[in-house]
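Numbering that gives the first Met the number 0 puts the first residue of the sequence shown at 0, with every later residue one more than the last.
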Amino acid sequence: MSDRPRLLYVTDLAYPARGRRYGDEDVHLGARLREDFDLALCHPLDAAALMDAFDAVVVRNSGPVLGYRKEYEAFRERARALGTRVYNPLHGRGDMAGKRYLLDLTAAGHPVIPTVDRPEDLHRLPEAASYAVKPRTGADSIGLRFLPYEQLAGLAYGDVLVQPRVDFRYEVSFYFVDDLFQYALYAPDPERRWVLEPYEPTADDLAFARRFVDWNTLDHGVQRVDACRAPDGGLLLVELEDLNPYLSLDRVPEAVRARFAEALVRSLRAFLAA
0 MSDRPRLLYV
10 TDLAYPARGR
20 RYGDEDVHLG
30 ARLREDFDLA
40 LCHPLDAAAL
50 MDAFDAVVVR
60 NSGPVLGYRK
70 EYEAFRERAR
80 ALGTRVYNPL
90 HGRGDMAGKR
100 YLLDLTAAGH
110 PVIPTVDRPE
120 DLHRLPEAAS
130 YAVKPRTGAD
140 SIGLRFLPYE
150 QLAGLAYGDV
160 LVQPRVDFRY
170 EVSFYFVDDL
180 FQYALYAPDP
190 ERRWVLEPYE
200 PTADDLAFAR
210 RFVDWNTLDH
220 GVQRVDACRA
230 PDGGLLLVEL
240 EDLNPYLSLD
250 RVPEAVRARF
260 AEALVRSLRA
270 FLAA
């Protein structure tokens, strides 16, 4: 019997993501992890039933939780009851906990797209041609719609967030393992958000991204900080993805992919030893 750590790697290999191939990314990343760990892949709906046979559960490209919210909550509860290590750890403050953090960051004055969730707060939003309305638990633009200001007061509040639609120049994502920056990618054409290219961040860009990684207080894990370049040249946070961020590893050079995989192995080893 092997004495190597046993990892349950959670992924939905068949998830039909627009412009992305979850399965390819996880097959290649899993191949590297198998060099250091005993690894088994499973669908997110099977994770709760299988987790107690493993030293840790690694949640990767498991798809939007919106489609299986009840099962996801059962997975979290069972992991806590068994004391199972879950990577990323379940105390993440970003998308893992829903999009409440956008309200908290707005209230604290962080550089984030202004966000409200009550009709009485609509006056706090800057004037815009239209406004984005999105579910608190949304992902992959599921449930996203754009409305004029005069229609916002009539929304059914409680499970939605409202933001001004920003006429951004481009979107850019910063990828971290633990608190270590790995690479950045951007979509130079706002109409083709999934066509990503390598991006060379400035010192100010990295300081922007790191402030949200620091705010999230995850000692171990993979995080993606999504931002947009506003018309005034500054960056605004779009999303802090700490549940199952797609990594777009096919968009970076082989040397960067290898470095990322090595960082992930080191992070998992430290996580298991903690």
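Positions of the beta carbon are idealized from the N, C-alpha and C atoms, including for glycine.
Residue pairing by DSSP places residue 133 opposite 160 in a beta bridge.
Membership of residue 211 in the alpha helix (DSSP H) is indicated by the continuous run 202-215. In the three-state DSSP reduction, residue 40 falls in the strand class (E or B). In the DSSP assignment, residue 266 falls within the unbroken alpha helix (DSSP H) covering 253-272. In the three-state DSSP reduction, residue 147 falls in the coil class, being neither helix nor strand. Under DSSP, the beta-bridge partners assigned to residue 222 are 175.
Taking the CA atoms as reference points, residue 105 sits about 27 Å from residue 86. Taking all protein chains shown into account, residue 125 has fewer than 16 neighbouring C-beta atoms within 10 Å of its C-beta and is therefore exposed. Taken through DSSP and simplified to helix, strand or coil, residue 199 comes out as coil. Residue 14 carries a coil assignment under DSSP once its states are collapsed to helix, strand and coil. By the beta-carbon neighbour count (other beta carbons within 10 angstroms, threshold 16), residue 194 is exposed.
Setting aside the 5 residues that flank it on each side, residue 118 is surrounded in the same chain by 151, 152, 154, 156, each with a C-beta closer than 8 Å to its C-beta; the list follows chain order. In this structure, residue 220 places its C-beta atom within 9 Å of the C-beta atom of residue 88.
Taking a C-beta distance under 9 Å as the contact criterion, residue 185 and residue 174 do not qualify as a contact pair.
With 16 or more other Cβ atoms from the protein chains shown falling within 10 Å of its own Cβ, residue 36 counts as buried. Around the C-beta of residue 216, fewer than 16 other C-beta atoms lie within 10 Å, and the residue is accordingly described as exposed. By the Cβ criterion, the stretch 20-33 is in contact with the stretch 51-71, since at least three pairs of Cβ atoms, one from each stretch, lie closer than 8 Å.
Cβ contact annotation for residue 57 (same chain, cutoff 6 Å, sequence separation greater than five): 6, 8, 86, in chain order. Between residue 75 and residue 167, the gap from beta carbon to beta carbon reaches 9 Å or more.
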